[in-house]
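A quick write-up on the structure given underneath.
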Amino acid sequence: MHKLLIATANEGKVKEFKRRFESENLTVISLLDLDDAPDVAETGSTFAENAVLKAEAIMRLTNQPVIADDSGLVVDALDGDPGVYSARYAGLEKDDEANIDKVLNEMKDIPEGERTASFQCVLAVAIPGEQTEVFSGTCNGTITFERSGHFGFGYDPIFYVPSYRKTMAELSPDEKNAVSHRGQALDRLEESFQELF
Numbered sequence: 002m003h004k005l006l007i008a009t010a011n012e013g014k015v016k017e018f019k020r021r022f023e024s025e026n027l028t029v030i031s032l033l034d035l036d037d038a039p040d041v042a043e044t045g046s047t048f049a050e051n052a053v054l055k056a057e058a059i060m061r062l063t064n065q066p067v068i069a070d071d072s073g074l075v076v077d078a079l080d081g082d083p084g085v086y087s088a089r090y091a092g093l094e095k096d097d098e099a100n101i102d103k104v105l106n107e108m109k110d111i112p113e114g115e116r117t118a119s120f121q122c123v124l125a126v127a128i129p130g131e132q133t134e135v136f137s138g139t140c141n142g143t144i145t146f147e148r149s150g151h152f153g154f155g156y157d158p159i160f161y162v163p164s165y166r167k168t169m170a171e172l173s174p175d176e177k178n179a180v181s182h183r184g185q186a187l188d189r190l191e192e193s194f195q196e197l198f
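Whatever position you read off the sequence shown (first residue = 1), add 1 for the numbering used here.
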């Protein structure tokens with residue numbers, strides 16, 4: 002059975018990748034499974050730049066195929082913030098609850114019709130000796146006024162998905178996979194999976 006290394010230490014993301022690839026006869030491992038895994042500096046100005054930086058850095062270190070994702074919340078009323086700073090919006094310690102509080106506070110005077118946002122995801126696939134490939138996905142929605150739901154992670158409790166009339170955190174894992182930004186990017190990756198691997 003082949004191993005597929007996902008360049009993340011985020012347990013929520015790891016679960017989503019495992020759920021997706023368990024049928025591909027692959028063992029999904031992550032930075033949580035590596036000793037002394039480096040924390041790659043995300044110095045890019047876009048999700049794509051950061052995903053490629055992470056994928057290629059970990060590929061060079063391990064000499065094996067790596068998938069890295071960079072994703073985040075883009076809020077129109079906040080001029081695209083948190084954007085590439087989504088994980089550390091409220092500080093370097095990457096605290097989901099503090100990040101949500103900061104967005105809600107900054108949005109407190111924004112009326113319902115102007116709370117549009119999107120979740121965006123870019124996956125970079127780095128394979129030794131090959132050109133790095135990039136796959137992306139976007140999920141459009143709005144920012145709620147308060148948290149709702151207990152599934153998911155990150156900003157899911159305040160991201161309302163109109164097609165389901167629920168927040169992302171109220172969706173089951175299967176529902177989330179069908180509509181999420183990462184689910185869409187993974188769909189595009191899977192279309193090219195046999196060629197890549």
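Virtual Cβ for every residue (Gly too), placed ideally from N, Cα, C.
Given the structure is predicted, the values throughout are model-derived calculations rather than measurements.
- In this structure, Tyr86 is the residue among Val67, Ala179, Tyr86, Gln65 with its C-alpha nearest to the C-alpha of glycine 73.
- Sorting Ala10, Ala49, Pro39, Asp34 by C-alpha distance to the C-alpha of alanine 125 places Ala49 at the top.
- Taking alanine 56 as the centre and dropping the five residues before and after it, the same chain places the C-beta of Ala8, Val67, Ile68, Ala69, Ala125, Val126, Ala127, Thr133 closer than 7 Å to its C-beta, in chain order.
- Taking 4 residues as the minimum length, the alpha helix (DSSP H) runs contained wholly in the segment 112–188 are 174–180, in order along the chain.
- By the Cβ test, the segment 137–152 is in contact with the segment 171–178, since at least three Cβ pairs between them sit closer than 8 Å.
- Classified as exposed, threonine 47 has fewer than 16 neighbouring CB atoms from the shown chains inside 10 Å of its CB.
- In the DSSP assignment, lysine 4 falls within the unbroken beta strand (DSSP E) covering 3–7.
- According to the DSSP assignment, leucine 197 belongs to the alpha helix (DSSP H) that extends over 194–197.
- Residue range 27–31 is occupied by the beta strand (DSSP E) that includes leucine 27.
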